[in-house]
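Residue numbers (the UniProt record's numbering), protein chains in the order written: chain A, 1 to 145; chain B, 1 to 145.
Glycine included, C-beta positions come from ideal geometry on N, C-alpha and C.
Quick caveat, the model's predicted, so the values are computed rather than measured.
Presented below is the structure to which this report refers.
Number of protein chains: 2
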Amino acid sequence: MSISSRFAVGIHILTLIELNKDGVSSSEYLADSVNTNPAVIRKIMGMLKKAGLIEVHPGVAGAKSARNITDITLLDVYKAVNVVQDKELFSIHGNPNPECPVGRNIQETILPLFSAAQAAMEKVLDSVTIEDVVKGIHDKDSCTN
Amino acid sequence: MSISSRFAVGIHILTLIELNKDGVSSSEYLADSVNTNPAVIRKIMGMLKKAGLIEVHPGVAGAKSARNITDITLLDVYKAVNVVQDKELFSIHGNPNPECPVGRNIQETILPLFSAAQAAMEKVLDSVTIEDVVKGIHDKDSCTN
DNA sequence: TTTACTTGTAACTTATTTAATTACTTGTAA
DNA sequence: TTACAAGTAATTAAATAAGTTACAAGTAAA
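Listed below in structure tokens is the structure:
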């Protein structure tokens, strides 16, 4: 199991929009960097737009960031692209046997534990901004390899 | 996306083995509580056995815990049932364009961030034992509903 | 008001994964 | 040797992911 790469692609898109802020970031341009189909990019752009992270307009080429990138965290992107539902990172088997003490109580016993684990993960995502990623790209790309 | 319920079922199995420690926990018995097929249980039992969490023997009915349940954490179960690979909770799109600074560096920039988020989640799982779950079941089942 | 270009979207395909099911073998103990 | 359980492989069905194609709808400039 793995969380959809929509999340990583969403981060890629926002990062590239920032680095290309003086140019036009069309779905084709972004798709060329991500190396996928423009329609895939447009679908994800739609999600980012709906979440208020970018501005895009039908008919007019290019996306712009809708917020300062210091205010966009990875958690914002993660939620925008809808890769994991609330409290559903872990799935719990349905219909356990209610005649057994374990079957009867396992779901509500486990759920808060799973939710806590998911929350810890999301908290880390919330501590990183797109600006951090932009800086990371910059650092790596300017090093003396 | 959701992490396979094999994990929740693994926890269910270990918990029930404990509560039924004086009885015989055969795959059929466990399957009846989980409400699934005995073959599914046997497959997961095989993983738990391989990880040294339970003792099962071909031909002889019933599984027993191989360790004290205070020493089995949810992380042990999670790793045993192989639901998430190391550093692969989040998938990253392959083959980004190396001619673009973002495409060229996005993977190694994002990977440590994703790994840190995954690690935080796993740390929470490591802080909960099967004994905690057993107690949780007990508390819920003995309350005055 | 055309023309050229882009976003928005729907339909379809392919591949992968999950979980359940069936059926069989191997092994154990009474 | 009989009965029963674990181990395991093959198959199915459902869900999801990602890519692809095609086209409608919107915008701006010629």
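Reduced DSSP secondary structure (H/G/I, E/B, other) of V84 of chain B: Here V84 of chain B sits in coil by DSSP.
Would you kindly check if the distance between the Cβ of I11 of chain A and the Cβ of V56 of chain A is under 7 angstroms? no
Helix, strand or coil: how does DSSP classify T109 of chain A here? helix
Would you decide whether G136 of chain A is buried or exposed? Buried here means 16 or more other CB atoms lie within 10 Å of its CB. buried
Nearest-angstrom beta carbon gap, I92 of chain B and I110 of chain B [assumed within contact, 8 angstroms]: 6 angstroms
Name the chain B residues whose beta carbon is nearer than 8 angstroms to that of P96 of chain A? Those within 8 angstroms of P96 of chain A in chain B are H12, S33, V34, N35.
The alpha helix (DSSP H) with I3 of chain B in it runs from where to where? No alpha helix (DSSP H) holds I3 of chain B; DSSP gives it neither H nor E.
Using a beta-carbon distance below 7 angstroms, is S27 of chain B in contact with chain A? no
Starting from K64 of chain B, find everything on chain A with Cβ-Cβ shorter than 7 angstroms and list it in chain order. Result: empty, since nearest Cβ-Cβ is about 16 angstroms, beyond 7 angstroms.
According to DSSP, is G46 of chain A part of a helix, a strand, or is it coil? helix
Please name the residue in B:N35, B:K64, B:D32 whose C-alpha comes closest to that of M45 of chain B. B:K64
With a cut-off of 8 angstroms on the beta carbons, I'd call T15 of chain A and V134 of chain A a contact; round off their distance for me. 6 angstroms
Quick one: what does DSSP say I72 of chain B is sitting in, helix, strand or coil? I72 of chain B falls in the coil class under three-state DSSP.
By DSSP, does K64 of chain B sit in helix, in strand, or in coil? strand
Would L125 of chain B count as contacting chain A if we go by Cβ distances under 7 angstroms? yes
So E18 of chain B packs on I54 of chain B, CB below 8 angstroms; how close in whole Å? Not confirmed; about 10 angstroms, so no contact.
Could you name the residues of chain A that M45 of chain B contacts, counting a contact when the two beta carbons are closer than 8 angstroms? Simply none; closest approach about 15 angstroms.
Simplified DSSP assignment, three categories, for E28 of chain A: helix
Is the Cβ of K49 of chain B closer than 7 angstroms to any Cβ of chain A? no
With 16 as the cutoff for other CB atoms within 10 Å, does S108 of chain B come out buried or exposed? Here residue 108 of chain B is Glu; the residue named in the question, Ser, does not match the sequence. Exposed is the call here.
Check this for me: beta carbons of V84 of chain A and M121 of chain B, under 7 angstroms apart or not? no
For T129 of chain B, does the three-state DSSP call read helix, strand or coil? strand
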